[in-house]
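If you read the sequence shown in numbering that gives the first Met the number 0, its first letter stands for residue 0, the second for the next number, and so on. Shown next, in structure tokens, is the structure this report addresses.
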Amino acid sequence: MHATIHLLRKTDFPPIRRQRLQTMQVNLGYRCNQSCQHCHVGAGPNRTEMMNADNAALVVALLQSGRIATLDLTGGAPELSPHFRDLVRAARAADVRVIDRCNLTVLYEPEQEDLAAFLAAQGVSVVASLPCYTEDNVDGQRGDGVFEKSINALQWLNQLGYGAPDYGLTLDLVYNPLGPYLPPPQDTLQADYKRLLGERYGIVFNRLFTIANMPIQRFGSMLVSKGQFDSYMHTLRSAHRPENVDGVMCRDLISVDWQGYLYDCDFNQMLGLTLGAADAQHPRPHLCDLLAEPESWSGRPIAIADHCYGCTAGQGSSCGGALAAADASPADACQIAAQLTA
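Below is the structure:
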């Protein structure tokens, strides 16, 4: 796999500073039952990195401190961690909102037969990956049979009350482009998803998040291999909108890796960019440092590199989707994406 950090370090991205911490995004490990082309983590079935019990206990201690509003669990497939359910229970007991970034097919993995019911019983918000509403595009990006399993999983979650207005169980979907270009307008694509998934499969959901692909790990390596890295970076930089800087997710989020080390965002974690708040006393900040000094990180600089343009280009991109309204409205974004990658 081609590393891209050396291509990203030099940047003129504007400096930004951290605000008050609201969200702790914890990567529980890189093991996953899928190996997606766009994955910025490089996760897959053969990865063995997983958070241990000691670091999971530090996460629980932070949840119980009352200073975290949202626990955002990611991976890999976070549900494959032996500590996933204990962390969910601890967070809900502390009245902390929990987000599970779910690839949907994990619901059909061995020993996960009761996972959907567990998520519903705990009131977990599910953010589910579904990069298109057509079978060919999804299977082409994520593997044969993934689309059918994903649709079945969404129907299963709907049966439990997810996506329905009266149950309070949030189900959001995530779209990633199939190639080296920016996502289409989120509002337009959301309308297409709701109409087509509803008509074809009876599926309902709350929101669609469009997230730009980052030029790191598996997707970045693919760009390098195809000679598309420079052109993709030009796409991101030329579409930069300064007004999006104030809304980037790293300002009130902190990212935790499977070893308990802290980063400004999940993308920086995958690049090995140390937390911008690192100093001589905390050269590589860890969960134990955050637990000891939970308020000391506010106002400190955030580590930046050229990939940060991926969060401010066009309508902007974050773990919660677009940051602003888009400038254009293609009629059928998935078909356009398929044409662009053909």
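Even for Gly, the Cβ is constructed at its ideal location relative to N, Cα and C.
Counting along the chain, where does the beta strand (DSSP E) carrying V58 start and finish?
From DSSP, V58 is part of no beta strand (DSSP E) but of the alpha helix (DSSP H) over A52 to Q63.
Assign H306 to buried or exposed, taking buried as 16 or more other Cβ atoms, counted over all protein chains shown, within 10 Å of its Cβ.
buried
Go ahead and label T10 buried or exposed: buried means 16 or more other beta carbons lie within 10 angstroms of its beta carbon, across all protein chains shown.
The residue is exposed, with fewer than 16 neighbouring Cβ atoms inside 10 Å.
Considering only residues of the same chain and omitting the five flanking positions on each side of A321, which have a CB-CB separation below 6 Å?
Taken in chain order, the residues that qualify are Q185, T209, Q314 and G315.
Using only alpha-carbon positions, find the residue among N151, E108 and W155 that is nearest to A116.
W155
Let me make sure I understand the geometry here. Which of L70, A120, R84 and L106 has the alpha-carbon closest to that of V97?
L70
Thinking A211 and A312 are a contact (beta carbons under 8 Å), I'd like their distance in whole angstroms, please.
6 Å
So is Q280 buried or exposed if we call it buried at 16+ other beta carbons inside 10 Å?
exposed
Contact defined as beta carbons within less than 8 Å: I believe L270 pairs with I215. What is the distance between those atoms, to the nearest angstrom?
The beta-carbon distance between L270 and I215, rounded to whole angstroms, is 6 Å. This is short enough to meet the 8 Å contact definition.
In whole angstroms, what is the alpha-carbon distance linking A68 and V95?
5 Å
Would you call G259 buried or exposed, if buried means 16 or more other Cβ atoms sit within 10 Å of its Cβ?
buried
Does the distance from the C-beta atom of L118 to that of D135 stay below 8 Å?
Against a cut-off of 8 Å, the Cβ pair of D135 and L118 comes out as no contact.
What is the rounded straight-line gap between the Cα of H1 and the Cα of R194?
39 Å
Using DSSP's beta-bridge definition, name the partner residues of L261.
Answer is V255, bridged to L261.
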